[in-house]
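What follows is a set of notes on a single structure, which appears directly below.
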Amino acid sequence: MINLYGLELTKLEELMISYGQKRYRATQLFTWLYEKKARSFDEMSDVSKSFREVLNKDFCLELPKLYRRQDSKDGTIKILLELNDGSKVETALMPYRYGNAICVSSQVGCNMACAFCASGLLKKKRNLEVSEIVGQVLVMNSILEEKNEKVTHIVVMGTGEPFDNYDNVLDFIRIMNHPKGMAIGARHITVSTCGLIPGIMRYAHEGLQINLAISLHAPNDEIRNKIMPISKGYPLPKLMEAVKYYEKEANRRVTFEYIMLKGVNDSLECAKELVKLIKGTLAYVNLIPYNPVDENSFLRSDDKTVHAFFSYLLQHGVNTTIRKEFGNDIDAACGQLRAKDQHEKGN
Ligand code: SF4
Numbered sequence: 000m001i002n003l004y005g006l007e008l009t010k011l012e013e014l015m016i017s018y019g020q021k022r023y024r025a026t027q028l029f030t031w032l033y034e035k036k037a038r039s040f041d042e043m044s045d046v047s048k049s050f051r052e053v054l055n056k057d058f059c060l061e062l063p064k065l066y067r068r069q070d071s072k073d074g075t076i077k078i079l080l081e082l083n084d085g086s087k088v089e090t091a092l093m094p095y096r097y098g099n100a101i102c103v104s105s106q107v108g109c110n111m112a113c114a115f116c117a118s119g120l121l122k123k124k125r126n127l128e129v130s131e132i133v134g135q136v137l138v139m140n141s142i143l144e145e146k147n148e149k150v151t152h153i154v155v156m157g158t159g160e161p162f163d164n165y166d167n168v169l170d171f172i173r174i175m176n177h178p179k180g181m182a183i184g185a186r187h188i189t190v191s192t193c194g195l196i197p198g199i200m201r202y203a204h205e206g207l208q209i210n211l212a213i214s215l216h217a218p219n220d221e222i223r224n225k226i227m228p229i230s231k232g233y234p235l236p237k238l239m240e241a242v243k244y245y246e247k248e249a250n251r252r253v254t255f256e257y258i259m260l261k262g263v264n265d266s267l268e269c270a271k272e273l274v275k276l277i278k279g280t281l282a283y284v285n286l287i288p289y290n291p292v293d294e295n296s297f298l299r300s301d302d303k304t305v306h307a308f309f310s311y312l313l314q315h316g317v318n319t320t321i322r323k324e325f326g327n328d329i330d331a332a333c334g335q336l337r338a339k340d341q342h343e344k345g346n
């Protein structure tokens with residue numbers, strides 16, 4: 000059975016045509032799925048009964064199951080979803096002043112092995128299907144419906160490396176961004192990569208106005224090799240060339256994410272190197288206070304150090320922000336809820 004949540008509009012059109020239907024049938028189904036929020040084919044009253052029978056026979060509308068939920072006092076919601084094969088994925092919702100931002104996962108586990116990351120502790124089991132990424136947004140929306148709210152911003156920054164599941168992530172984005180789909184503006188969607196250069200080069204030509212964030216986390220390869228093994232295959236000089244290429248081709252600036260790790264990458268010397276490294280790009284830097292996890296020994300930089308680093312970058316002309324923190328009273332770090340669940344179950 001084909002899960003209709005897994006098909007972006009042009010693929011759905013092709014499929015409908017192969018079923019002897021007119022092209023517009025796809026748009027009609029899309030509207031039912033995402034605008035009218037139908038959860039069964041029988042609700043689709045302007046689709047003929049005979050075609051609804053075909054839909055019921057060959058297609059399904061399947062969403063991941065809500066398995067576990069944590070609510071923070073600050074409004075952050077973390078959910079663990081169970082997929083068809085029993086795998087679990089984690090999704091988080093952060094309530095910003097400007098809207099509700101969801102952080103979705105793109106893979107079950109992750110092979111990038113960033114040393115500070117709870118998600119990377121669980122090796123990649125498989126890529127998520129398009130419907131499983133879409134499902135994270137739809138399940139979160141059904142939770143938000145209780146208070147008449149919805150997801151307004153998306154970051155693909157949860158478990159997994161999005162460019163290691165490129166095609167599915169892009170189809171997911173097309174569904175989210177399409178006016179007949181979830182109609183979430185391109186500028187409200189961000190994909191975050193740890194630096195897979197082939198993905199960045201390809202993304203430069205998608206013609207989308209989606210934001211790109213790069214997890215940098217170090218100002219030189221010596222430090223980066225220790226905390227992000229990806230750097231050995233795609234060293235910083237090459238990554239910077241790719242960023243400049245992207246900025247030129249896509250006419251968009253990137254954001255560099257930089258997790259502040261005590262005594263590792265947070266010295267003023269590092270700030271100085273960082274300014275030098277990103278010179279010539281239009282990038283913003285987003286400093287992220289670290290959420291320590293039990294499974295490694297990294298510590299959070301103290302506030303004074305973070306502010307000194309922040310001020311240095313600003314004084315040297317780099318647009319810099321410090322990320323607002325959410326969910327400190329729940330398992331705030333990415334992948335922590337899933338890791339905890341596995342630990343509790345001893346698997
Ligand atoms: S930080 Fe991202 S890319 Fe690195 S291991 Fe964690 S999930 Fe994977």
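First residue of the sequence shown: 0, per numbering that gives the first Met the number 0; consecutive thereafter.
The C-beta atom is built at its ideal place from N, Cα and C for all residues, glycine as well.
Check whether the Cβ of residue 160 sits closer than 7 Å to any heavy atom of ligand 1, and report yes or no.
yes
Which ranges would you report for the alpha helix (DSSP H) in the segment 166-215 if only whole runs of at least 4 residues count?
196-202
Taking contact to mean 3 or more Cβ pairs, one atom from each stretch, closer than 8 Å, check whether the segment 182-190 and the segment 224-240 are in contact.
no
Quick check on this structure: which residue in 245, 201, 249 and 263 has the alpha carbon closest to the alpha carbon of residue 221?
Of 245, 201, 249 and 263, the residue nearest in Cα terms is 263.
Out of curiosity, what's the CA-to-CA distance linking residue 345 and residue 246?
The pLDDT assigned to residue 345 is 48, lower than 50, so where the model puts this residue is not dependable, and the model offers no usable value.
Quick one: does the C-beta of residue 102 sit closer than 7 Å to a heavy atom of ligand 1?
No - ligand 1 has no heavy atom lying nearer than 7 Å to the Cβ of residue 102.
Which term fits residue 16, buried or exposed, when burial requires 16 or more other beta carbons within 10 angstroms of its beta carbon?
exposed
What does residue 89 pair with, by DSSP beta-bridge criteria?
Paired residues: 79.
Pairwise C-alpha distance: residue 112 and residue 216
14 Å
For residue 300, which residues from the same chain have a beta carbon less than 6 Å from its beta carbon, with the 5 sequence-adjacent residues on both sides left out?
259, 261 and 265
Do you know whose CA, among 274, 211 and 279, lies nearest residue 310's CA?
Taking only the C-alpha atoms, the option nearest residue 310 is 274.
The segment 81-93 contacting the segment 128-147, beta-carbon criterion three pairs below 8 Å:
Output reads yes: the segment 128-147 touches the segment 81-93.
Helix, strand or coil, according to DSSP, for residue 8 in the structure here?
helix
Endpoints, the beta strand (DSSP E) within which residue 64 is located:
64-70
So does residue 175 have its beta carbon nearer than 7 Å to some heavy atom of ligand 1?
no
Beta strand (DSSP E) segments (min. 3 residues) lying fully within the segment 269-333:
Listed in chain order, they are 283-288 and 319-321.
Between which residues of its own chain and residue 161 is the CB-CB distance below 8 Å, once the five residues before and five after are set aside?
105, 155, 168, 190, 191, 192 and 198
Does any heavy atom of ligand 1 sit closer than 7 Å to the C-beta of residue 109?
yes
Is the beta carbon of residue 57 closer than 8 Å to that of residue 0?
yes
Residue 321 versus residue 188: straight-line alpha-carbon distance, rounded:
19 Å
Under DSSP, the beta strand (DSSP E) around residue 259 begins and ends at which residues?
253-259
Grouping DSSP H, G and I as helix and E and B as strand, with all else coil, what is residue 99?
strand
Alpha carbon to alpha carbon, what distance is there between residue 257 and residue 284?
7 Å
Look up residue 404 in the DSSP assignment and give the residues it is bridged to.
Because the chain spans 0 through 346 in this model, residue 404 falls outside it and cannot be assessed.
Which residues bound the beta strand (DSSP E) around residue 155?
152-155
Cα-Cα separation, residue 254 to residue 213
6 Å
Report back the beta-carbon spacing between residue 286 and residue 235 to the nearest angstrom; my notes put them in contact at under 8 Å.
By a beta-carbon distance limit of 8 Å, residue 286 does not contact residue 235. Their separation comes to about 18 Å.
Which whole-angstrom value is the C-beta distance of residue 2 and residue 59, which I expect to be below 8 Å?
5 Å
Please list the terminal residues of the continuous alpha helix (DSSP H) segment that includes residue 231.
229-232
Go to residue 26, then tell me how far its alpha helix (DSSP H) extends in each direction, as first and last residue.
Per DSSP, residue 26 is one residue of the alpha helix (DSSP H) stretching across 23-29.
Looking at chain C, is there any beta carbon in it that lies within less than 8 Å of the beta carbon of residue 131?
Looking for chain C here will not work: only one protein chain is present.
With DSSP as the reference, please indicate the residues paired to residue 2 in a beta bridge.
59
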